[in-house]
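>
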Amino acid sequence: MLSTMQDDQLSLAHLLQYGARMHGDTEVATWTGSGSRRTTFGQVAKRAAQLAHALRELGVTDDQRVGTFMWNNAEHLECYLAVPAMGAVLHTLNIRLFPEQLTYVANHAEDHVVVVDGSLLPLFAKQLPEMKTVRHVIVANGDAAALEAPSGVTVHSYEELLAGRPETFDWPEIDERSAAAMCYTSGTTGDPKGVVYSHRSIWLHSMQICMTDMMRLTDSDRALVIVPMFHAMSWGMPYAAFMIGTSMVLPDRFLQPAPIAEILAAEKPTFAGAVPTIWQGLLQHLDANPQDISHLREVVVGGSAAPPAMMHAFEERYNVSVLHAWGMTETSPMGSVARPPSGATGEEAWRYRYTQGRFPALVKARLVDDEGNEVPWDGKSVGELEVKGPWITGSYYGGADPDKFHDGWLRTGDVGRITPDGYLTLTDRAKDVIKSGGEWISSVDLENAVMGHPAVAEAAVIGVPDEKWGERPLVAVVVREGEQVTAEELREFLRDKVAKWQLPENWTFVSEVPKTSVGKFDKKRLRAAHAEGKLDVAHL
Ligand code: AMP
Numbered sequence: 001m002l003s004t005m006q007d008d009q010l011s012l013a014h015l016l017q018y019g020a021r022m023h024g025d026t027e028v029a030t031w032t033g034s035g036s037r038r039t040t041f042g043q044v045a046k047r048a049a050q051l052a053h054a055l056r057e058l059g060v061t062d063d064q065r066v067g068t069f070m071w072n073n074a075e076h077l078e079c080y081l082a083v084p085a086m087g088a089v090l091h092t093l094n095i096r097l098f099p100e101q102l103t104y105v106a107n108h109a110e111d112h113v114v115v116v117d118g119s120l121l122p123l124f125a126k127q128l129p130e131m132k133t134v135r136h137v138i139v140a141n142g143d144a145a146a147l148e149a150p151s152g153v154t155v156h157s158y159e160e161l162l163a164g165r166p167e168t169f170d171w172p173e174i175d176e177r178s179a180a181a182m183c184y185t186s187g188t189t190g191d192p193k194g195v196v197y198s199h200r201s202i203w204l205h206s207m208q209i210c211m212t213d214m215m216r217l218t219d220s221d222r223a224l225v226i227v228p229m230f231h232a233m234s235w236g237m238p239y240a241a242f243m244i245g246t247s248m249v250l251p252d253r254f255l256q257p258a259p260i261a262e263i264l265a266a267e268k269p270t271f272a273g274a275v276p277t278i279w280q281g282l283l284q285h286l287d288a289n290p291q292d293i294s295h296l297r298e299v300v301v302g303g304s305a306a307p308p309a310m311m312h313a314f315e316e317r318y319n320v321s322v323l324h325a326w327g328m329t330e331t332s333p334m335g336s337v338a339r340p341p342s343g344a345t346g347e348e349a350w351r352y353r354y355t356q357g358r359f360p361a362l363v364k365a366r367l368v369d370d371e372g373n374e375v376p377w378d379g380k381s382v383g384e385l386e387v388k389g390p391w392i393t394g395s396y397y398g399g400a401d402p403d404k405f406h407d408g409w410l411r412t413g414d415v416g417r418i419t420p421d422g423y424l425t426l427t428d429r430a431k432d433v434i435k436s437g438g439e440w441i442s443s444v445d446l447e448n449a450v451m452g453h454p455a456v457a458e459a460a461v462i463g464v465p466d467e468k469w470g471e472r473p474l475v476a477v478v479v480r481e482g483e484q485v486t487a488e489e490l491r492e493f494l495r496d497k498v499a500k501w502q503l504p505e506n507w508t509f510v511s512e513v514p515k516t517s518v519g520k521f522d523k524k525r526l527r528a529a530h531a532e533g534k535l536d537v538a539h540l
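Structure below.
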């Protein structure tokens, strides 16, 4: 028997209209470096309609991709709403990707239009000639004339394109399973892989993250959205805020500790989300320049493990509660949140809060050993985390990397244990990557780049703990017999091969890289040698 319930579709057009009507006066503040420029949900929705008209005129139909190469600001929010609501697909381009990866993802997604921040034009201009499907570039917050377009590409000014257009749009009916947005993840080896979110997955994710046991967002909150809108959909905060009426403070490109402290003082947000590196930097800044930040009722920290000392510092010195969360681009991204169960207090509550958290109702989880068998949730047995649910990807765009899925579950590449009451603690990573300041560095790509040097016989890269960035790469090099090379020379050699922020500063020279029984680099042994202080490391 079927239910009698209406099969009403969860669409982002409805989210846009709902937010504009119910929370029309709710504010969106974008930091300018000295104060904020302000708009409201109502205005954002009107401009989203104008943007949709403009995009239609530029030939955006059906599920065509519209890329964004933007900081967190009101214009990016307009794209977040307009593009999916008109039935097209928002593709958030990660501005920190290595240039070749950037052109790869724009070509792979077949972006037709890209909206670019004026401040990012120099970075974008270099790659534009390689972007084969881009026909229009729209420059927001900057001078469109500053971009020299290759033939076949037209450049527009965002404001001129919107001006005078109707402030309403006849938003189409959309199947809730259709694509709304996409984001590439460049974590593991090989080319970045596209994760495609649906209208339905975004709605369900937004509803759940507002819930009491997750972010607890309400219409009296003011959220400082630091986590980039180009990485993992800004943890879903823009859509959740629009749904629930949480006002937003968007930091634009001002992500250093001093401007973040200024934004806090000026805008007094009640809530914020960012990776540990941002919070660590802010903590140091505040310790040197004390400021009351107790208006923050809570901050979410995720993307990398939150150091307990930092959690205590915010709580004990600044009266700000830190909520640890785990997630992935593939999981929309909120996967688990570390709120202690009711009744846990004192030390016991802290032990829960250090974990990567408990899964919400719509995230199914299991741990699997090397043979593919499930291991128990006993708080001791370790396995690779696999997850399943309506906002967890079941494949990658174009069918890349089918090995990442196991009987319909996503293999996360994260290794850990789960307590009987469902709290996850990550202990290791099965994937060979380094997470530095919230962004990925592929160790294999670095190894290949270093091994391209004629004096290098072998190079293995591991992630080593770093106070500021969480992790940084350490390169272990075996020099070819009869050759000589220094760490400085190797770093120089990498300069045009990897992104600047990925250039390793930690180097060690070894007589051989330890190998597993099947001849692969044994990084566990290398990590252990480093942890025991057995490697002689040069820090450049
Ligand atoms: P991304 O898709 O770039 O957001 O990266 C997701 C990955 O970041 C996860 O699979 C983990 O390896 C790592 N990660 C995310 N949150 C945490 C956390 N709270 N603790 C440790 N690692 C994390």
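Throughout the sequence shown, residue numbering follows full-length UniProt numbering, covering 1 to 540 in sequence. No residue lacks a Cβ here, since even glycine has one placed at the ideal position from N, Cα and C. Note that the structure is a prediction, hence the values are computed from the model and not measured.
With DSSP run on the structure shown, which of helix, strand or coil describes Y197?
Of the three classes helix, strand and coil, the one that applies to Y197 here is strand, per DSSP.
> Around the C-beta of P341, are 16 or more other C-beta atoms found within 10 angstroms, so that it is buried, or is it exposed?
P341 should be labelled exposed.
> Can you tell me whether G470 is buried or exposed? The criterion is at least 16 other CB atoms within 10 Å of its CB, across all chains shown.
Counting Cβ neighbours within 10 Å, G470 comes out buried, since at least 16 surround it.
> Going by Cα to Cα distance, which pick from A338, P465 and R411 is closest to D421?
Comparing Cα positions, the closest option is A338.
> So the candidates are L90, V155 and A88; which of them puts its Cα closest to the Cα of L121?
Of the candidates L90, V155 and A88, the one whose C-alpha sits nearest the C-alpha of L121 is V155.
> Quick one: using the 10 Å Cβ neighbour count with 16 as the cut-off for buried, is residue 541 buried or exposed?
Residue 541 lies beyond the residue range present for the chain, which begins at 1 and ends at 540; the question has no answer from this structure.
> Please state the DSSP three-state secondary structure of Y396.
Looking at Y396 - three-state DSSP - the assignment turns out to be coil, as it is neither helix nor strand.
> On a CA-only basis, which of L283, G327 and E532 is nearest K468? Give me that one, please.
Ranking L283, G327 and E532 by Cα distance to K468 puts L283 first.
> State the Cα-Cα distance for the pair W507 and R37, rounded to the nearest angstrom.
In a straight line, the C-alpha of W507 is about 45 Å away from that of R37.
> What residues in its chain sit with their C-beta under 6 Å from that of L81, if we drop five residues either side in the sequence?
Closer than 6 Å at Cβ, skipping near neighbours: L16 and A48.
> Grouping DSSP H, G and I as helix and E and B as strand, with all else coil, what is L128?
Three-state result, L128: helix.
> Let's test the definition: count the other Cβ atoms within 10 Å of the Cβ of L446 and tell me whether it reaches 16, buried, or not, exposed.
L446 comes out buried.
> Could you pull out every residue in the same chain whose Cβ sits closer than 7 Å to the Cβ of T277, ignoring the five residues on either side in sequence?
Counting only Cβ-Cβ distances below 7 Å, and skipping sequence neighbours, we find G437, G438, K468, W469 and G470.
> Buried or exposed for N373, please, with buried defined as at least 16 other CB atoms from any protein chain shown within 10 angstroms of its CB.
By the neighbour-count rule (16 or more Cβ atoms within 10 Å), N373 is not buried but exposed.
> So P269 packs on H285, CB below 8 Å; how close in whole Å?
Between H285 and P269 the Cβ distance is about 16 Å, and since that is not below 8 Å, they are no contact.
> For the beta strand (DSSP E) that contains D117, what are its first and last residues?
Per DSSP, D117 belongs to the beta strand (DSSP E) from D111 to D117.
> Whose C-alpha, out of L503, P238 and S11, is nearest the C-alpha of R491?
With distances taken between Cα atoms, R491 lies closest to L503.
> Looking at the structure shown, is A258 part of a helix, part of a strand, or coil, going by DSSP?
In the structure shown, A258 sits in a helix (DSSP, three-state: H, G or I).
> Is it buried or exposed for Q50, if we count other Cβ within 10 angstroms and need 16 for buried?
With 16 or more Cβ atoms within 10 Å of its Cβ, Q50 is classed as buried.
> When the distance is taken between beta carbons, is A106 closer than 8 Å to V139?
Taking 8 Å as the Cβ cut-off, V139 and A106 do not qualify as a contacting pair.
> From the DSSP output, in three-state form, read off G59 for me.
The answer is coil: DSSP assigns G59 none of H, G, I, E or B.
> Compare the Cα-Cα distances from residue 556 to each of V225, A325 and K388 and report the closest residue.
As shown, the chain starts at 1 and ends at 540. That puts residue 556 outside it, with no answer to give.
> Skipping 5 residues on each side, what residues in its chain have a beta carbon closer than 7 Å to that of G24?
Within the same chain, G24 has close Cβ partners T40, F41 and G42.
> With a threshold of 7 Å, establish whether the CB of H406 neighbours any heavy atom of the ligand AMP.
Checking the Cβ of H406 against the ligand AMP gives no.
> Given a cut-off of 8 Å on the beta-carbon distance, is the pair L147 and V113 in contact?
Going by C-beta atoms, L147 is not nearer than 8 Å to V113.
> Straight-line CA distance for P308 to L93?
If you take the alpha carbons of P308 and L93, they lie about 32 Å apart.
> Should L90 and T68 be called a contact, given that it needs their Cβ atoms to be closer than 8 Å?
Taking 8 Å as the Cβ cut-off, L90 and T68 qualify as a contacting pair.
> I want to check one thing, is the minimum distance from the CB of G24 to the heavy atoms of the ligand AMP below 7 Å?
Checking the Cβ of G24 against the ligand AMP gives no.
> In angstroms, rounded to a whole number, what distance separates the CA positions of A54 and G379?
Going from the Cα of A54 to the Cα of G379 covers about 54 Å.
> What span of residues does the alpha helix (DSSP H) with residue 541 cover, start to end?
This structure cannot speak to residue 541, because the chain is shown only from 1 to 540.
> Three Cβ pairs or more, each shorter than 8 Å: is that satisfied between the segment 189 to 204 and the segment 385 to 401?
Yes, the segment 189 to 204 touches the segment 385 to 401.
> Please confirm whether V227 and G164 have their CB atoms less than 8 Å apart.
The answer is no: Cβ separation not under 8 Å.
> Closer than 7 Å by C-beta to R411: which residues in its own chain qualify, once you throw out the five before and the five after it? Chain order, please.
Closer than 7 Å at the Cβ level, and outside the excluded window around R411, lie E384, E386, K404 and F405.
> Look up residue 582 in the DSSP assignment and give the residues it is bridged to.
Residue 582 falls outside the range modelled here, since the chain spans only 1 to 540, and no answer is possible.
> Helix or strand or just coil, what does DSSP make of T103?
T103 falls in the helix class under three-state DSSP.
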